[in-house]
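*Asks:*
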Amino acid sequence: MIGAAAILDNALLKSKVRGCLVGALLGDCLGSPYEGDSNVSKTVLQNYFDKLSGPYFKSPTKMYTDDTAMTKCISESLIDKQGLDCKDLAKRFVKEYFKQPKRGYGSGVVEVFYKLKNEKYEDIWRPAKQQFNNGGSFGNGGAMRVAPIALFYRDNYDKMVEAARQV
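Take the position in the sequence shown, starting the count at 1, then add 38; the result is the number in our numbering.
1) Contact between the region 60-80 and the region 101-111: three or more CB pairs below 8 Å?
2) Going by Cα to Cα distance, which pick from 179, 171, 162 and 156 is closest to residue 142?
3) State buried or exposed for residue 203, treating a residue as buried only when at least 16 other CB atoms are found within 10 Å of its CB.
4) Ignoring anything shorter than 4 residues, give me the alpha helix (DSSP H) runs that lie fully in the region 131-200, in order along the chain.
5) Sorted by chain position, which residues of the same chain lie with C-beta nearer than 7 Å to residue 208's C-beta, five sequence neighbours on each side aside?
6) Rank 183, 197, 129 and 189 by C-alpha distance to the C-alpha of residue 53 and give the top, closest one.
7) Would you identify the three-state DSSP class for residue 101, choosing helix, strand or coil?
8) Please identify the residue among 200, 136 and 186 whose C-alpha is closest to the C-alpha of residue 55.
9) Exposed or buried, which one is residue 139 when buried takes at least 16 other CB atoms within 10 Å?
10) Go ahead and pull the three-state DSSP assignment for residue 51.
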């Protein structure tokens, strides 16, 4: 029988996991209009957020980007496979891209997805390594989608770090 403390701890953990993932989703949706802008003034941001509140809500629905789409893939793969399965993850990324390609994917990752699909996932690492004169990507995409890794491996720091490196 599960004690009350364990049930409470489990409920608290679920709440924190949801909060982390919902926070990432909201940040993605709210920040996407400014992605790539290096100089956005405080006034522009204040006007943007003013439209998101109050009785005269004027802002259109916010769509999530490739970052959330890929974060969702990681979450689903970790749950389904009970751990990191990079080949499964590659297949999920590719499937998600071809299902909804207009989420702001960069041209480099799109090229990787085409190669993975065409090469039937023989070597899931090669297409990414071949980018940028065989230097791989130096973007921040991995950081944008790493939350599920930290949540899944919360009790095993070494596995968390290794999984984060691979993603």
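Glycine residues also receive a C-beta, built at the ideal position from the N, C-alpha and C atoms.
*Replies:* Let me spell this out:
1) As far as the Cβ criterion goes, the region 60-80 touches the region 101-111, which means the pair count is three or higher.
2) Residue 142 has its Cα closest to that of 179, out of 179, 171, 162 and 156.
3) Result: exposed.
4) Those alpha helix (DSSP H) runs which fall completely within the region 131-200 and span 4+ residues are 145-156, 164-167, 169-172, 179-182 and 185-190.
5) Since the first residue shown for the chain is 39 and the last is 205, residue 208 is missing from the structure and cannot be characterised.
6) Selected option, being the one with the closest Cα: 189.
7) DSSP places residue 101 in coil when its eight states are reduced to three.
8) Comparing Cα-Cα distances from residue 55 to each of 200, 136 and 186, the minimum goes to 186.
9) So residue 139 counts as exposed.
10) It is helical.
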